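This report concerns only the one structure given below.
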Amino acid sequence: MSDLDQFRQETRAWLEANCPEAMRQPVTGFEDIYNGGRVPEIDHPDQKVWCDRMAEKGWTVPHWPKEYGGGGLSADEVKVLRQEMSRIGARQALDSFGISMLGPALLQFGTQEQKLEHLPPICRGEIRWCQGYSEPNAGSDLASLATRAEDKGDHYLINGQKVWTSYADKADWIFCLVRTDNTGTKHEGISFVLFDMDQPGVEARPIKLISGSSPFCETFFDNARADKANLIGEEGKGWTIAKYLLTHEREMISGMGGAPKKSLGETAVELIGADEQGRLSNGILRQNLAQYQLDTVAFGATMARVGDEVKSGQGLGPASSIFKYYGTELNKRRNELNLAVGGEEALGWEGDAYQGGQVVRDWLRSKGNSIEGGTTEVQLNIVSKRVLGLPDA
Amino acid sequence: MALVLNEEQSMLKDAAAGFLAEKATVAHLRELRDSGDATGFSQDVWKEMADMGWAGIAIDEEFGGLGYGYTGLGLVLEQVGRNLSASPLQSSVLIGATIIAELGDQAQKEQFLPAIASGQSIVTLAIQEGAHHAPSQIATTAVAGGNGYVLNGSKRLVLDAHVADTFVVIARTSGEPGDTDGLSAFLVDAKADGVAIEQRSMVDNLNCGALTLNNVSVDASALLGSEGGAASGLNRTLDIANIGLASELLGVSTEAFERTVAYLKERKQFGQVIGSFQGLQHRAAELFAELELARSIVLKALQAIDSGDESLPVLASAAKAKLCEVAQRATNEGVQMHGGIGMTDEHEIGFFIKRARAAQHTFGDYNYHLDRFASLNGF
Ligand SMILES: Cc1cc2nc3c(=O)[nH]c(=O)nc-3n(C[C@H](O)[C@H](O)[C@H](O)COP(=O)(O)OP(=O)(O)OC[C@H]3O[C@@H](n4cnc5c(N)ncnc54)[C@H](O)[C@@H]3O)c2cc1C
Numbered sequence: 138m139s140d141l142d143q144f145r146q147e148t149r150a151w152l153e154a155n156c157p158e159a160m161r162q163p164v165t166g167f168e169d170i171y172n173g174g175r176v177p178e179i180d181h182p183d184q185k186v187w188c189d190r191m192a193e194k195g196w197t198v199p200h201w202p203k204e205y206g207g208g209g210l211s212a213d214e215v216k217v218l219r220q221e222m223s224r225i226g227a228r229q230a231l232d233s234f235g236i237s238m239l240g241p242a243l244l245q246f247g248t249q250e251q252k253l254e255h256l257p258p259i260c261r262g263e264i265r266w267c268q269g270y271s272e273p274n275a276g277s278d279l280a281s282l283a284t285r286a287e288d289k290g291d292h293y294l295i296n297g298q299k300v301w302t303s304y305a306d307k308a309d310w311i312f313c314l315v316r317t318d319n320t321g322t323k324h325e326g327i328s329f330v331l332f333d334m335d336q337p338g339v340e341a342r343p344i345k346l347i348s349g350s351s352p353f354c355e356t357f358f359d360n361a362r363a364d365k366a367n368l369i370g371e372e373g374k375g376w377t378i379a380k381y382l383l384t385h386e387r388e389m390i391s392g393m394g395g396a397p398k399k400s401l402g403e404t405a406v407e408l409i410g411a412d413e414q415g416r417l418s419n420g421i422l423r424q425n426l427a428q429y430q431l432d433t434v435a436f437g438a439t440m441a442r443v444g445d446e447v448k449s450g451q452g453l454g455p456a457s458s459i460f461k462y463y464g465t466e467l468n469k470r471r472n473e474l475n476l477a478v479g480g481e482e483a484l485g486w487e488g489d490a491y492q493g494g495q496v497v498r499d500w501l502r503s504k505g506n507s508i509e510g511g512t513t514e515v516q517l518n519i520v521s522k523r524v525l526g527l528p529d530a
Numbered sequence: 592m593a594l595v596l597n598e599e600q601s602m603l604k605d606a607a608a609g610f611l612a613e614k615a616t617v618a619h620l621r622e623l624r625d626s627g628d629a630t631g632f633s634q635d636v637w638k639e640m641a642d643m644g645w646a647g648i649a650i651d652e653e654f655g656g657l658g659y660g661y662t663g664l665g666l667v668l669e670q671v672g673r674n675l676s677a678s679p680l681q682s683s684v685l686i687g688a689t690i691i692a693e694l695g696d697q698a699q700k701e702q703f704l705p706a707i708a709s710g711q712s713i714v715t716l717a718i719q720e721g722a723h724h725a726p727s728q729i730a731t732t733a734v735a736g737g738n739g740y741v742l743n744g745s746k747r748l749v750l751d752a753h754v755a756d757t758f759v760v761i762a763r764t765s766g767e768p769g770d771t772d773g774l775s776a777f778l779v780d781a782k783a784d785g786v787a788i789e790q791r792s793m794v795d796n797l798n799c800g801a802l803t804l805n806n807v808s809v810d811a812s813a814l815l816g817s818e819g820g821a822a823s824g825l826n827r828t829l830d831i832a833n834i835g836l837a838s839e840l841l842g843v844s845t846e847a848f849e850r851t852v853a854y855l856k857e858r859k860q861f862g863q864v865i866g867s868f869q870g871l872q873h874r875a876a877e878l879f880a881e882l883e884l885a886r887s888i889v890l891k892a893l894q895a896i897d898s899g900d901e902s903l904p905v906l907a908s909a910a911k912a913k914l915c916e917v918a919q920r921a922t923n924e925g926v927q928m929h930g931g932i933g934m935t936d937e938h939e940i941g942f943f944i945k946r947a948r949a950a951q952h953t954f955g956d957y958n959y960h961l962d963r964f965a966s967l968n969g970f
């Protein structure tokens, strides 16, 4: 038996023995994903047990090194783990901005002390993070951010305002871009700092989204304090880290959505009808659905190709620059098609007849995918300038 | 007919714009939503609309209306779309009065049309049964019995169901779901025994509901039109309904577009207004072109109703399909070009994307009408 087969057998046995019954069901939506933290939003006992058991094996973040709380697994082993989890319908034990965004940046730019301090609590789901980038006047033009950090010897005093800070009201710590120097170009003088949200100088006010939930906040800093030990990289050199982290954020957002249980085409045939050959009776919708499905397959193949190119040592090709743009536009298309296929059933906002409006709320939320993490327009600017080499106007 | 408004129509349009921008705005819709208002629109504002004659715009003078025709009603509905004004104009005036005018006999018209025209009575159409608009897929039955008929079945997407006095229920007196023959229309009192009304909450926060008919007895005089012969009057009513909704969508799209262009001139990033980026300029200019096409097809379709043009079905599907397409694009661009603030409930642009999708899907969406447009054109 190969090592990988052996690993599969052991993994299967361990999951069978350790995954609580209630955790063997796919998540139903954003609200159903466990993000951990000091006071977890989901306080289902099995959820905690499941996260703890997985964390003990390092499998909440299986690809990170063991010394930081990860599982130290190879890419192939991670794949086996995912396959075995989906075999029994096991849900992800933990997901968070710590895992998808801050972790990769710390692994790349943090000191050994910083990694040892912050990564293990992320893996164990003890500390939940939020991202303090955008400000009212610094959105697409992120580098013009104005939140100030004043040098106070062993710490910084932070004053200013962030906006659209997702889960700032639920998070324990923030990774934050601040201005430590005003003298150079706007990209210089930006620093990347971490600090605890549980202090008097930090206030997060939730903002309601068009989908009805309030995942993001306005976040105010009034003499908030960040220890200098938590400055990542050099002072004034935060922009490079910020950008590196954004590539990981974009990867995460482009993968949002997930596969529905039944194909849209099947549902459409059920709700609208088919001709004698089984073709969806509405030819216009049929074409739209087919085009969407085709692009989804081609996009999936592109992601796989880029991944394989990286593995074979060819490096990250230019195709990766379209991921965020294409993935989010596809997800928005899918959500529009959900409405087209669902009809009246998809337009309900509340009540049992409409499963609490899940379809239409997801559709509204998907509109944010091409805005958060850098808008579609910003992504296309990057492709035209950096990849195609087109000059500025 | 010249594709321009006459003086009377221009005055009506201006009056509607002025009134609705003051009395029935997006802010009012938000208030109705947030207070969980049981009626879903302001009775006072509705009374004022009726006093100005809007509830009878397209109803003949003989029956207490203004006799301005559907072009006039369409102009008001466009302003309704711009302001997202909540009222029974769509359910009762655009659709309820129309089906009675199309199918009713003199006595039925005399009984119902003046009451609708004065705003006192709300009459709404109950047709759809499945998730999608499919006007011949009717399973609700009407069986002869007693002094008339007994109705059984269920309906959804019934506009203003919870405040209607009377439903026009489309039921089958013969044939199978899918047949056009055998469809009949019945006037059903909302308080009749066996009628259950469920108010439902939709994304646009306007009113619609579901209806269950459980052995509902109606008199023979409740039959609107001939037994089994509702299809042609019903189809004309649905064409008119879709043209009216297209007018409303024209208002929704135009307003979303103009607000977005205003934002492009105001919001600064990278030291300049975002409207100076050519990527956005061209998209706005393309949308402007589409909106001009949309405006023309809507006016052409409205005039076709009033002139009795034979190509009404084609024009109705053309107008609805085009406006579904343009409204989707205009409202999507509206959110996208506003960036983060466009995703917030506090900003009003989100109300437009919500109303647009609900109106798009009412009585057939883009896919339905483009497909029908192709079929009616013979391919
Ligand atoms: C759901 C959601 C969650 C978010 N979560 C977070 C978070 O956790 N932390 C955080 O820091 N931020 C977060 N954001 C903020 C997000 O990163 C910003 O909204 C985004 O970067 C856009 O900035 P803005 O909103 O200021 O829009 P603007 O930059 O004002 O953009 C407005 C419009 O102009 C366009 N535009 C701007 N510049 C150009 C150009 N040069 N060329 C062409 N078009 C241009 C934009 O693409 C957009 O369409 C979130 C946003 C959303 C919607």
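Protein chains in written order, with this note's numbering: chain A, 138 to 530; chain B, 592 to 970. Where is the CB? At the ideal position from N, CA and C, for every residue including glycine. Quick caveat, the model's predicted, so the values are computed rather than measured.
- For tyrosine 740/B, the enclosing beta strand (DSSP E) stretches over residues 739 to 750.
- Bounds of the beta strand (DSSP E) holding cysteine 799/B are 798 to 810.
- For valine 497/A, the nearest CB of chain B lies under 7 Å from its own CB, placing it at the interface with that chain.
- Distance from the Cα of arginine 175/A is smallest, within the candidate group Lys185/A, Tyr429/A, Glu168/A and Phe460/A, for Lys185/A.
- By the Cβ rule, the region 776 to 786 of chain B does not count as touching the region 476 to 489 of chain A, because fewer than three pairs are nearer than 8 Å.
- Flagged as an interface residue toward chain A: glutamine 860/B, by a C-beta distance shorter than 7 Å.
- Shown here for threonine 512/A: same chain residues with a beta carbon closer than 7 Å to its own, the five before and five after excluded, namely Ser277 in chain order.
- Taking 7 Å as the cut-off, the Cβ atoms of isoleucine 761/B and leucine 774/B count as close.
- For aspartate 956/B, the residues of chain A that pass the 8 Å Cβ criterion are Ala477 and Gly480, in the order they occur in the chain.
- The contact set of arginine 763/B on chain A, defined by CB atoms closer than 9 Å, is empty, because the minimum CB distance reaches about 18 Å.
- The Cβ of leucine 815/B sits no closer than 7 Å to any Cβ of chain A.
- Distances from the CA of threonine 771/B to each of Ala646/B, Ile729/B and Gly737/B were compared; the closest alpha carbon is that of Ile729/B.
- Counting along the chain, the unbroken beta strand (DSSP E) around cysteine 354/A starts and ends at 353 to 364.
- Restricted to the region 460 to 493 of chain A, the alpha helix (DSSP H) segments that are unbroken, complete and at least 4 residues in length are 460 to 479, listed in chain order.
- Counting the other Cβ atoms within 10 Å of the Cβ of isoleucine 713/B gives 16 or more, which makes it buried.
- Checking the DSSP bridge columns, you'll see leucine 383/A has no partner listed.
- Annotation for leucine 527/A: no alpha helix (DSSP H) segment contains it, and DSSP assigns it neither H nor E.
- For glycine 276/A, the nearest CB of chain B lies under 7 Å from its own CB, placing it at the interface with that chain.
- Relative to the non-hydrogen atoms of ligand 1, the Cβ of threonine 935/B never comes closer than 6 Å to any of them.
- Of the other Cβ atoms in all chains shown, fewer than 16 fall within 10 Å of the Cβ of phenylalanine 970/B; this residue is therefore exposed.
- At a cut-off of 4 residues, not a single continuous stretch assigned as alpha helix (DSSP H) sits fully inside the region 893 to 925 of chain B.
- Segment contact: the region 303 to 311 of chain A against the region 326 to 333 of chain A, three or more CB-CB distances shorter than 8 Å; contact assigned.
- If you draw a straight line from the Cα of glutamate 407/A to the Cα of arginine 416/A, it is about 11 Å long.
- Using a Cβ distance threshold of 7 Å, leucine 890/B and glutamate 669/B do not count as a contacting pair.
- Inclusion of leucine 664/B and isoleucine 648/B in the CB contact set at 7 Å is warranted, their separation being smaller than that value.
- Excluding its 5 nearest sequence neighbours in each direction, glycine 721/B has C-beta neighbours in its own chain below 7 Å: Gln728, listed in chain order.
- Per the coordinates, the alpha-carbon of valine 684/B lies some 10 Å from the alpha-carbon of alanine 641/B.
- Between alanine 895/B and phenylalanine 964/B, the CB-CB gap reaches or exceeds 7 Å.
- Residues of chain A with a Cβ closer than 8 Å to the Cβ of glycine 870/B are, in chain order, Glu514, Leu517 and Asn518.
- Taking a Cβ-Cβ cut-off of 7 Å, the neighbours of serine 271/A in chain B comprise Gly931, given in sequence order.
- In terms of side-chain proximity, the C-beta atom of tyrosine 462/A is found no nearer than 6 Å to any non-hydrogen atom of ligand 1.
- Using a CB distance cut-off of 7 Å, threonine 803/B does not count as an interface residue toward chain A.
- The alpha helix (DSSP H) runs lying completely inside the region 626 to 693 of chain B and spanning 4 residues or more are 634 to 642 and 660 to 674, given in chain order.
- At a threshold of 6 Å, isoleucine 865/B counts as near ligand 1, since its beta carbon sits closer than that to one of the ligand's heavy atoms.
- Under the 7 Å criterion on CB atoms, leucine 680/B is classed as non-interfacial with respect to chain A.
- Leucine 748/B reaches chain A at Glu481, counting residues in chain order whose Cβ is nearer than 8 Å.
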